[in-house]
Amino acid sequence: MAKKLEDNKENAYLSYQLATIKLDCELPYKPEELVNRSADNEKLVELFTELNFKRWLAEAQSGSAGVDAVAERASSGASAPAAEKAEVTFEAASIDRSQYETILTEEAFRAWMDKLDKTDVVAFDTETDSLDYMEANLVGISFAVAEGEAAYLPLAHDYLDAPKQLDRDWVLAEMKPWLENAGALKVGQNLKYDASVLARYDIAMKGIAYDTMLESYVFNSVAGKHDMDSLAMRYLQHKCISFEEIAGKGKKQLTFNQIEMDQASPYAAEDADVTLRLHNVLMAHLKADEKLKVIFEQYEMPLVPVLSRMERHGVLISAEMLAQQSQEIAVRLDELEKEAFELAGEEFNLASPKQLQAILFEKMGLPVVKKTPSGTPSTNEEVLQELALDYPLPKRILEYRGLAKLKSTYTDKLPKMVKPATGRVHTSYHQAVTATGRLSSTDPNLQNIPIRNDEGRRIRQAFIAPADKTILAVDYSQIELRIMAHLSGDEALIDAFRHGKDIHSATAAEVMGIDISDVTSEMRRRAKAINFGLIYGMSAFGLAKQLGIPRGEAQQYMERYFERYPGVRQYMESTRLQASEQGYVETIFGRRLQLPEIKSSNAMRRKGAERAAINAPMQGTAADIIKRAMILVDAWIQTQPEGRVA
């Protein structure tokens, strides 16, 4: 120890200095200046808008001119919210809710129908008693024909002493021609939901021309959430009435039919008004950029009715097959639990990270691979996968977790999600969630059913076709690698695809310097990891970890890969440079991914943005291609005789 101190004398004194609390700091303020004073609400509104602190923003706005102050600074050239600083600023909206109308008489309804007929683009919104499009009952409809000119048409408020409302069936019969008129252009916020609700009343909504959620998503997919309240804050600096403000929270939350008219009407009319204002702002920016306009008009909007039909049609499952699988998984889980207890030498809760930490790291003394933010040994999946290479207990835990998740998420849950009215499971497909344009699925997530293990494949077998029908599965072969070949222009990669070679075997042959006929399954596995790893910007360290080989060996693989495919290296380097210069990357068709972290001083964030820059054009282009294919296939389905495709 003495020798170490002598050799590190300077570091020791530095450590002492760093650990000593300094009591004689020169401060830029006098103590009396640090006393709490009344808040500068105008500055707080600007700051909270930039940071998207909604509740604090509302408090600040209630104590000052708020939005007007932001508008004044915006017009004087002051800084805009962070997400927009690079290119555009947005003026604050001045919204007077007292101008909205509530439609309770046939005369008022006729007057508004006349307005709808004479308006080029009408903002349209439905109010319902559920978020489930398969069960939601229509409670009311709101419209806006101009900014500030909006109305709410209540149809099914049934609380005690609710005012008399127009008959819902009569109103829908009167509105059906307008709703089904493709020439009557409509804008909404997530119109897919509204179309699905109206379909329950035998109305096939047409004229779905614009959607503010998708306008925001195409304009900047990573700016933040694309729900209406978030968009109103981001682009109008306006805080909408939240649903919780009028309905309450938790178990006592009211459904919309129970909300009193004096609260329901301004809330619903504001939705339509704000939607129209957002459309006017966002569409102006999309029209100013032809590429973004094309993505919106030819890829996103035509997909809305397609996804609505897909969701409502649903998927057929075999509850019997899933029940049988649940029983078999339960038996295997019991076996794994007993094996784990035997390996650990005691019983413990396999689902408890704390108990697992104690068993693995305290009792068994396994190496700590990674720690949690609180400093305790991590037991996440990545850690267990690494430990499972050398120790049997982590391997059992991983299998147990995987099977338990399959059971709870699919084999147990899916049969409970079958709708009695259709006998099918109905998921929700989302267009405005992933950064790159890919669709996502929730309630249930039908995109994440495993295919690499027997249990996952068996769950997929439980998705069945009706009698006299067949399920047709169609996929693009190695689409992202093909896009990489196109983007990079690499001759060797293009040649492999042109001649129908197995791309992973071809890569193995190129990297190993052998004939393709001599490639082993292990060589192909490693080449596949390289091919897909590079798409996601994987480093030599990441490749080494995935393949379980030394980092130096992984580095050699990658270097040989780039020697054989120099176009790929050139593409990656030029993409990083271009992304850094312009702050975004594009798909082949013009979809744009903004990269706000591409010039970050934080190396990890910057590297992450660089990986996204390389990957996004391929993943986004694949998303664009599949969306166009879905639109074209749906158009073909619509021309087929009834009953042929179902």
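In my numbering, the protein residues as written are 363 to 1008.
Note that beta-carbon positions come from the ideal geometry of N, C-alpha and C, so glycine has one too.
Of the candidates His-600, Leu-593, Val-549, Phe-415, His-600 places its Cα closest to the Cα of Asp-458.
DSSP places Ile-503 within a strand segment (E or B) once states are collapsed to three. Counting only residues of its own chain and dropping the five nearest sequence neighbours on each side, Ile-856 has a CB closer than 7 Å to the CB of Ala-847. For Tyr-753, there is no enclosing alpha helix (DSSP H), as DSSP marks it with neither H nor E. Taking C-beta atoms as the reference points, Asp-877 and Tyr-661 fail to come closer than 8 Å. Exclusion of the five residues before and after Asn-742 leaves Lys-732 as the residues of its chain whose Cβ lies within less than 8 Å of its Cβ. Secondary structure at Ser-803: strand, using DSSP grouped into helix, strand and coil.
The shortest CA-to-CA distance from Val-580 to any of Val-501, Tyr-946, Ile-657 is the one to Ile-657.
Looking at Ile-821, Asp-805, Asp-880, Ser-592, the one whose alpha-carbon comes closest to that of Pro-812 is Ile-821. Around Val-930, the same chain offers Met-846, Ser-850, Asp-852, Leu-855, Leu-896, Tyr-923, Phe-924 as residues with beta carbons nearer than 8 Å, after the five sequence neighbours per side are excluded. A residue is called buried once 16 or more other Cβ atoms fall within 10 Å of its Cβ, and Ala-585 is buried on that count.
Nearest to Arg-671 by C-alpha distance, out of Arg-399, Ser-790, Pro-739, Ile-621, is Ser-790. Between Gln-917 and the set His-641, Tyr-927, Leu-909, Phe-903, the nearest pair of CA atoms involves Phe-903. Residue pairing for Asp-487: DSSP places it in a beta bridge opposite Ser-504. DSSP places Lys-961 in the coil class of the three-state scheme, outside both helix and strand.
Ranking Ile-759, Glu-659, Val-666 by CA distance to the CA of Ala-702 puts Ile-759 first. When the Cα atoms are used, Lys-781 and Leu-746 turn out to be separated by approximately 38 Å. Residue Leu-765 holds the alpha-carbon nearest to the alpha-carbon of Arg-819 among Leu-765, Glu-872, Gly-799.
Taking the Cα of Glu-659 as reference, the smallest distance to any Cα among Met-590, Pro-729, Ile-993, Glu-744 is reached at Ile-993. The segment 486–497 makes contact with the segment 555–566; the number of CB pairs closer than 8 Å reaches 3 or more.
DSSP, reduced to helix, strand and coil, places Tyr-514 within a strand of the structure shown. Rounded to whole angstroms, the separation of the alpha carbons of Phe-894 and Leu-843 is 8 Å. For the pair Val-549 and Tyr-572, the CB atoms are nearer than the 8 Å cut-off.
Residue pairing of Lys-781 in beta bridges, as defined by DSSP: Arg-786.
One alpha carbon belongs to Pro-516, the other to Thr-488, and they sit about 10 Å apart.
Residue pairing by DSSP places Glu-463 opposite Ala-513 in a beta bridge. In the DSSP assignment, Ile-856 falls within the alpha helix (DSSP H) that extends over 853–860.
As for any alpha helix (DSSP H) of minimum length 4 sitting wholly inside the segment 381–419, the runs are 403–413, ordered along the chain. One alpha carbon belongs to Leu-380, the other to Leu-389, and they sit about 19 Å apart. Distance from the CA atom of Lys-392 to the CA atom of Arg-399, rounded to whole angstroms, is 14 Å. Taking one beta carbon from each stretch, the segment 972–986 and the segment 951–963 have 3 or more pairs nearer than 8 Å; the two touch. Residue Glu-511 holds the alpha-carbon nearest to the alpha-carbon of Trp-474 among Asp-774, Glu-511, Ile-999, Ser-578.
Taken through DSSP and simplified to helix, strand or coil, Val-677 comes out as strand. In terms of CA proximity to Leu-705, Leu-718 leads the group Val-693, Leu-718, Asp-651. With respect to the C-alpha of Ile-911, the residue from Gln-932, Arg-887, Tyr-933 having the closest C-alpha is Arg-887. Beta-bridge partners assigned by DSSP to His-792: Ser-802.
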